[in-house]
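Presented below is the structure to which this report refers.
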Amino acid sequence: MWTQGKVVKRIDWNDELFSLFIEAHIGDFTAGQFVKLGLDIDGKRVGRAYSLVNAPDSPLLEVLLISVEDGKLSPALNQLQPGDNLNVSAKASGFMTLDWVPEASHLWLMATGTAIGPFISMLRTQEPWQRFKQIVLVYGVRLAADLAYEQELRSLATKYGERFTYIASITRESVAGALTCRIPDALQQGLLEKRAELTISPEHSQVMLCGNPAMIADTQSQLTARGLTKNMKRKPGHISMERYW
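When you read off a place in the sequence shown, starting at 1, and then add 1, the result is the number in this note's numbering.
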């Protein structure tokens, strides 16, 4: 079921990466869930799922998108300006939420590209700060210009001090303060744990992976070798994941 939404603001992070702020009435949702956005194109409604970046108590829906040149929907969404209408699913969905994450001392959030969105939503709520002693966010992109919400993440690092570590991993250029390799490679080389001054272990860690399938598969493989298991409803583990492609 669809409801009508209206774009009230947008942020352009670079030529392709942008955030839309949408006024729409949907039901209650949990940080980490997604909605579908839709437009009528050539007489046919085209809809795709996008994670919500806003906290559940925000008056506006917020989504982070990238315009894919041959995409069916994203180029049209990239043309939207404040005042334009679009269709929004009337209810959010998805299980990439902290509701399904067991208790632990340390929460590791690892994302690539626009998959940072659900983690931003979570960090805008009180739940992760109340449940975990330390939180590490690893954000993998190709170029520094692809880092959306970086100022907000740096502000969180300042606010929470040693409780929050933000690690940028930029693969196609060298940037001061950032790692220069893929997330799985940084994990394998011990760079993530060195930067965070924490060890990933079954005893103390929960890891949430969100991003491209290759990153998730390679990272999960390494975590499994360390004794961490996939978190399932009937059998709690240590790794929660959502492919974002």
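Don't be surprised by glycine CBs; every beta carbon is placed ideally from N, CA and C.
Computed from a predicted structure; not experimentally measured.
Assigned secondary structure, tyrosine 245 (DSSP; H/G/I helix, E/B strand, else coil):
Sequence index remark: in the sequence shown, residue 245 carries index 244 (1-based). Residue state, collapsed to three classes: coil.
Would you mind sorting proline 83 into buried or exposed? The rule is 16 or more other CB atoms within 10 Å of its CB.
Residue 83 sits at position 82 when you count from the first residue of the sequence shown. That one is exposed.
Where the beta strand (DSSP E) containing arginine 49 begins and where it ends
Translated into the one-based positions of the sequence shown, residue 49 becomes position 48. Counting along the chain, the beta strand (DSSP E) containing arginine 49 begins and ends at 45-52.
Close Cβ partners of arginine 244 (< 7 Å) along its chain, the five nearest in sequence each way excluded:
To locate residue 244, count along the sequence shown from 1; it is residue 243. Beyond the five residues adjoining it in sequence on each side, arginine 244 comes within less than 7 Å, by CB distance, of Pro214, Ile217 in the same chain, given in chain order.
Own chain, CB closer than 7 Å to glutamine 223, minus 5 neighbours either side, in chain order
The residue given as residue 223 occupies position 222 in the sequence shown. Cβ-Cβ distances below 7 Å link glutamine 223 to Pro185, Leu188, Gln189 in the same chain, with the five nearest sequence neighbours on each side left out; the list follows chain order.
Would the beta-carbon of cysteine 211 fall within 8 Å of that of alanine 116?
Within the sequence shown, the letter at position 210 stands for residue 211. Within the sequence shown, the letter at position 115 stands for residue 116. Result yes, Cβ atoms of cysteine 211 and alanine 116 sit closer than 8 Å.
For glutamine 207, which residues does DSSP report across the bridge?
Residue 207 sits at position 206 when you count from the first residue of the sequence shown. Bridge partners of glutamine 207: Leu108.
Close beta carbons around glutamine 221, own chain, < 7 Å, minus the five adjacent residues each side
Working through the sequence shown from its first residue, we reach residue 221 at position 220. Cβ within range, chain order: Leu210, Ile240, Met242.
In the DSSP assignment, find the unbroken beta strand (DSSP E) run with glutamine 135 in it and report its ends.
Working through the sequence shown from its first residue, we reach residue 135 at position 134. In the DSSP annotation of this structure, the continuous segment of the beta strand (DSSP E) that includes glutamine 135 starts and ends at 135-142.
For threonine 172, name the three-state secondary structure that DSSP assigns.
What you label residue 172 is simply residue 171 of the sequence shown in a count that begins at 1. The answer is coil: DSSP assigns threonine 172 none of H, G, I, E or B.
Go ahead and label asparagine 15 buried or exposed: buried means 16 or more other beta carbons lie within 10 angstroms of its beta carbon, across all protein chains shown.
To locate residue 15, count along the sequence shown from 1; it is residue 14. Flag for asparagine 15 reads exposed.
With respect to the alpha helix (DSSP H) encompassing glutamine 152, which residues constitute its N-terminal and C-terminal limits?
Numbered from its first residue, the sequence shown carries residue 152 at position 151. Note, glutamine 152: alpha helix (DSSP H), 151-161.
Cutoff 6 Å; reference valine 137; Cβ partners in own chain excluding five residues on either side
On the sequence shown, residue 137 is found 136 positions in, with the first residue counted as 1. Excluding residues within five positions, the ones whose Cβ falls inside 6 Å are Trp109, Thr166, Ala197.
Pair within 8 Å by beta-carbon distance, alanine 56 and arginine 125
Position 55 of the sequence shown, counting from 1, holds the residue named residue 56. Position 124 of the sequence shown, counting from 1, holds the residue named residue 125. Contact flag set, yes.
If the criterion is Cβ atoms closer than 8 Å, does the pair valine 89 and valine 36 meet it?
By 1-based counting over the sequence shown, the position of residue 89 is 88. By 1-based counting over the sequence shown, the position of residue 36 is 35. Going by beta carbons, valine 89 and valine 36 fall inside the 8 Å limit.
Considering only DSSP beta bridges, list what isoleucine 23 is partnered with.
The residue labelled residue 23 in the question sits at position 22 within the sequence shown. According to DSSP, isoleucine 23 shares a beta bridge with Val8, Leu62.
Can you tell me the Cα-Cα spacing of valine 54 and valine 47, whole angstroms?
Position 53 of the sequence shown, counted from the first residue, corresponds to residue 54. Position 46 of the sequence shown, counted from the first residue, corresponds to residue 47. Put simply, the backbone Cα of valine 54 is about 21 Å away from that of valine 47.
Where aspartate 41 sits in the DSSP three-state scheme:
The residue given as residue 41 occupies position 40 in the sequence shown. Strand.
Going by DSSP, what residue range makes up the beta strand (DSSP E) through serine 90?
Position 89 of the sequence shown, counted from the first residue, corresponds to residue 90. Residue range 86-90 is occupied by the beta strand (DSSP E) that includes serine 90.
Based on the DSSP output, what are the partners of leucine 18 in its beta bridges?
Taking the first residue of the sequence shown as 1, we reach residue 18 at position 17. As a beta-bridge residue in DSSP terms, leucine 18 pairs with Ile67.
What's the call for alanine 226, buried or exposed, on a 16-neighbour Cβ count within 10 Å?
Within the sequence shown, residue 226 is the residue found at index 225, counting from 1. Label assigned to alanine 226: exposed.
Cβ neighbours of lysine 234 in the same chain (closer than 8 Å, five flanking residues each side left out)
Within the sequence shown, residue 234 is the residue found at index 233, counting from 1. Cβ neighbours of lysine 234 beyond the five flanking positions: Trp101.
Which one of Val9, Ala112, His107, Ala146 has the shortest CA to CA distance from proline 129?
Position 128 of the sequence shown, counted from the first residue, corresponds to residue 129. If we check each option's Cα against that of proline 129, His107 comes out closest.
Candidates Gly95, Val8, Gly28: which alpha carbon is nearest serine 79's?
Locating residue 79 in the sequence shown gives position 78, where the first residue counts as 1. This sequence places asparagine at residue 79; serine is not what is there. That would be Val8, whose Cα lies nearest to the Cα of asparagine 79.
Leaving aside the five residues before and after leucine 61 along the sequence, list all residues of the same chain whose C-beta is less than 8 Å from its C-beta, in chain order.
Position 60 of the sequence shown, counted from the start, is the residue given in the question as residue 61. For leucine 61, same chain residues with a beta-carbon under 8 Å away, outside a window of 5 residues either side, are Val9, Lys10, Phe22, Ile23, Glu24, Asn55 in chain order.
How is the alpha helix (DSSP H) around threonine 220 delimited, first residue to last?
By one-based count along the sequence shown, residue 220 stands at place 219. DSSP places threonine 220 in the uninterrupted alpha helix (DSSP H) bounded by 214-226.
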